[in-house]
């Protein structure tokens, strides 16, 4: 076989694709269908809590259509990074959804959740290394993590395919490995394959103007691949395909995978029609040592917030000093109510919308307009304490004076009653590290079953 | 001219939870080359505008897409309790109205 045809169902399972596009793409006879179901974009909440970015209904709609199409064509369906973060809870959830439709297939489930004792052993052996800007790592960090996942490469997928899997659902995975596994297994040039996988993993994101999420299709040969959207309303051009390398990547020239680095510096992007692009010329350098990236989330605390706004020009003219005085008064009041040992337990901040609420420490504009929004935030070890502290914060803030006015003022507009809103647990990403496993399969248990 | 007038996209986004990356994608190759060669988007300007040390600012010219990419460490890990922008999607504001006055004559 001198080519392999790959269908990417969409950029993220649950975000959708058109049924008509899937039908057109299936007529192009793909060798498999892949889809990514995960992202760290929406933050640490999903890894920490096992909540999912989309609803079960949204996952089911996309997965069902994809599985029916794959079974009808007798080709594998591969899903990676189940239900946002790909921890074991989320993996079980997606596997449950896949079983609901009474289709018959051989299923492989790849687990990415990591055993804490295994990680502590690797840490002691010096086999866990920090990446750029990594937070400090010790055994206590591993112990207090709610969940830690490893990002699998192509090897667990290849293992599952070689064992006859017709549907693979994986926990956390590199996005590209979902699409690179089968072509590399069949012996295609890894440089061509990894570059194609990078373009495919975001579905229709690489078209000139993506109006809604949809499928994407590539035909891969040994030295080049052609990408062409199966939706006739969409088109790709050389710049749209080259631009995709910029997306969510710190450099457009390199893509680091567990087994090596794709380099696109010498890549050529040529139009083969007004909507298809041929890509060639990338290189792939195998890694000297195989590495698996870790993602971890720990509980940062429970939060209570208040949203309010200020319109009085007198207050706005002295906003910084007014807030400074208010924050001091709030700190004193919290100590008076909860005692001196509360100081080490809670964190308080107020953000000013209309000033630097978007860019925080990166903002250099200082002017404010005719009103500002205020976001008060308290973080504490329990929701009860966070809420209790916020009740005092709200009362101190709403009547905090300015020297120009005499008598009691109400200086903040609250849109809600009660003003304080419980946000529940808040998580923090706590790892940016790689493990050096003894083998590419060591960290990823594969379960097989007949559905 | 302002940068937004000669680009088809200026955006920011997380590149993982620990980095922020900015893409400035130009409308045409010739304009891109002028801005690239004038080094208008340089480490010093970016660091001053974003209140950073110049050495943490990485700038890459990407000819294949007529684009300039800037990457910096995130001041706060994405989604941590004092983060302001979980996706990192609204950090590009100061680039939009950057003066590219030498393009006026075009």
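Residue numbers (our numbering), protein chains in the order written: chain V, 1 to 451; chain Y, 1 to 106.
Backbone N, C-alpha and C fix where the C-beta goes; we use that ideal spot for every residue, glycine too.
Since we're looking at a predicted model, the values are computed, not measured.
**Message:** Can you tell me which residues form a DSSP beta bridge with residue 26 of chain Y?
**Reply:** Looking at the DSSP output, residue 26 of chain Y bridges to Y/7.
**Message:** Less than 6 Å between C-beta atoms, sequence neighbours within five positions excluded: which residues of the same chain meet that for residue 363 of chain V?
**Reply:** Cβ neighbours of residue 363 of chain V beyond the five flanking positions: 356.
**Beta-bridge pairing of residue 376 of chain V - partner residues as DSSP gives them** = Residue pairing of residue 376 of chain V in beta bridges, as defined by DSSP: V/306, V/350.
**Message:** Residues in the same chain with beta-carbon distance under 6 Å from residue 276 of chain V, minus the five sequence neighbours each way, listed in chain order, please.
**Reply:** Only 226, 228 meet the Cβ criterion.
**Item:** alpha helix (DSSP H) segments (min. 4 residues) lying fully within the stretch 158-244 of chain V
**Value:** The stretch 158-244 of chain V contains these whole alpha helix (DSSP H) runs: 177-185, 190-200, 238-244.
**Asked** List, in order along the chain, the chain V residues whose C-beta lies closer than 9 Å to that of residue 97 of chain Y?
**Response** Neighbourhood of residue 97 of chain Y in chain V, by CB distance below 9 Å: empty, with the nearest CB roughly 11 Å away.
**Prompt:** Taking buried to mean at least 16 other C-beta atoms within 10 Å of its own C-beta, is residue 18 of chain V buried or exposed?
**Reply:** Result: buried.
**Request:** Go ahead and pull the three-state DSSP assignment for residue 7 of chain V.
**Result:** Three-state DSSP puts residue 7 of chain V in a strand.
**Message:** Nearest by alpha-carbon distance to residue 212 of chain V: which of V/447, V/203, V/366, V/99 is it?
**Reply:** Relative to the Cα of residue 212 of chain V, the nearest Cα in the group V/447, V/203, V/366, V/99 belongs to V/203.
**Item:** Cβ contact (3+ pairs, closer than 8 Å) linking the stretch 147-166 of chain V and the stretch 180-198 of chain V
**Value:** Touching, per the Cβ criterion.
**Asked** Buried or exposed: which applies to residue 57 of chain V, given that a residue is buried once 16 or more other Cβ atoms fall within 10 Å of its Cβ?
**Response** Exposed, because fewer than 16 other Cβ atoms sit within 10 Å of the Cβ of residue 57 of chain V.
**Message:** Quick check: the Cα distance between residue 91 of chain V and residue 65 of chain Y, rounded to an integer number of angstroms?
**Reply:** Their backbone Cα atoms lie some 37 Å apart in a straight line.
**Request:** Give the residues from the stretch 233-245 of chain V that approach chain B closer than 7 Å (Cβ to any Cβ), ordered along the chain.
**Result:** Protein chains V and Y are contained in the structure displayed, whereas chain B is not.
**Message:** With three or more beta-carbon pairs closer than 8 Å as the criterion, would you say the stretch 11-27 of chain V touches the stretch 37-48 of chain V?
**Reply:** Flag = yes, the stretch 11-27 of chain V and the stretch 37-48 of chain V touch.
**the stretch 316-346 of chain V: positions lying closer than 9 Å to chain Y by Cβ** = Under the 9 Å Cβ criterion, the stretch 316-346 of chain V contributes no residue.
**Item:** At least 3 beta-carbon pairs within less than 8 Å: the stretch 276-285 of chain V vs the stretch 139-146 of chain V
**Value:** Between the stretch 276-285 of chain V and the stretch 139-146 of chain V, the count of C-beta pairs closer than 8 Å stays below three; the two stretches do not touch.
**Asked** Can you find a C-beta in chain V that's less than 8 Å from the C-beta of residue 54 of chain Y?
**Response** With 8 Å as the cut-off, residue 54 of chain Y does not count as an interface residue toward chain V.
**Asked** If you measure from the beta carbon of residue 32 of chain Y to each beta carbon in chain V, is any gap under 8 Å?
**Response** Residue 32 of chain Y does not count as touching chain V.
**Prompt:** Who are the neighbours of residue 87 of chain Y on chain V, taking C-beta pairs under 9 Å?
**Reply:** Correct list: 41, 42, 43.
**Asked** If we count the other Cβ atoms within 10 Å of its Cβ and call it buried at 16 or more, is residue 407 of chain V buried or exposed?
**Response** By the neighbour-count rule (16 or more Cβ atoms within 10 Å), residue 407 of chain V is not buried but exposed.
**Asked** In or out: residue 265 of chain V buried (at least 16 other Cβ within 10 Å) or exposed?
**Response** With fewer than 16 other Cβ atoms within 10 Å, it is exposed.
**Asked** Which one of V/196, V/191, V/189 has the shortest CA to CA distance from residue 175 of chain V?
**Response** Looking at the Cα atoms, V/196 is the closest of the given residues.
**Asked** What is the residue span of the beta strand (DSSP E) that residue 261 of chain V lies within?
**Response** Residue 261 of chain V -> beta strand (DSSP E) spans 260-263.
**Item:** Nearest to residue 294 of chain V (by Cα), restricted to the options V/383, V/395, V/127
**Value:** When C-alpha distances from residue 294 of chain V are compared across V/383, V/395, V/127, the shortest belongs to V/127.
**Request:** Classify residue 434 of chain V as helix, strand or coil using the three-state DSSP reduction.
**Result:** If DSSP states are grouped into helix, strand and coil, residue 434 of chain V belongs with the strands.
**Item:** Those residues which DSSP pairs with residue 35 of chain V across a bridge
**Value:** The partner list for residue 35 of chain V (beta bridge, DSSP) reads V/79.
**Prompt:** So, residue 334 of chain V versus residue 389 of chain V, is the Cβ gap smaller than 8 Å?
**Reply:** Cβ distance < 8 Å, so residue 334 of chain V and residue 389 of chain V count as in contact.
**Asked** Under the three-state reduction of DSSP, which class applies to residue 45 of chain V: helix, strand or coil?
**Response** It is helical.
**Prompt:** Can you name, in chain order, every residue of its own chain whose Cβ lies under 6 Å from the Cβ of residue 22 of chain Y, other than the five neighbours on each side?
**Reply:** Answer for residue 22 of chain Y: 12, 70, 92, listed in chain order.
**Asked** Does the beta carbon of residue 10 of chain Y sit closer than 8 Å to a beta carbon anywhere in chain V?
**Response** By this cut-off, residue 10 of chain Y is not an interface position.
**Request:** May I ask you to verify whether the stretch 303-317 of chain V touches the stretch 325-339 of chain V, counting CB pairs closer than 8 Å and requiring at least 3?
**Result:** Because the criterion of three Cβ pairs below 8 Å is not met, the stretch 303-317 of chain V and the stretch 325-339 of chain V do not touch.
**Message:** Suppose the cutoff is 6 Å on Cβ atoms and the five residues either side in sequence are ignored; what does the same chain contact list for residue 452 of chain V look like?
**Reply:** In the structure displayed, chain V extends from 1 to 451; residue 452 of chain V sits before or after that span and is not available.
**Request:** Please name the residues in the stretch 362-396 of chain V whose beta-carbon is closer than 7 Å to at least one beta-carbon of chain Y, in chain order.
**Result:** Within the stretch 362-396 of chain V, the residues whose Cβ lies closer than 7 Å to some Cβ of chain Y are 362, 364, 379, listed in chain order.
**Prompt:** Taking Cβ positions only, does residue 429 of chain V come closer than 8 Å to chain Y?
**Reply:** It does; some Cβ of chain Y falls within 8 Å.
**Prompt:** Is there a Cβ from chain V that is less than 8 Å from the Cβ of residue 18 of chain Y?
**Reply:** Residue 18 of chain Y counts as touching chain V.
**Prompt:** Counting only beta-carbon atoms, is residue 84 of chain Y nearer than 8 Å to chain V?
**Reply:** Closer than 8 Å: yes.
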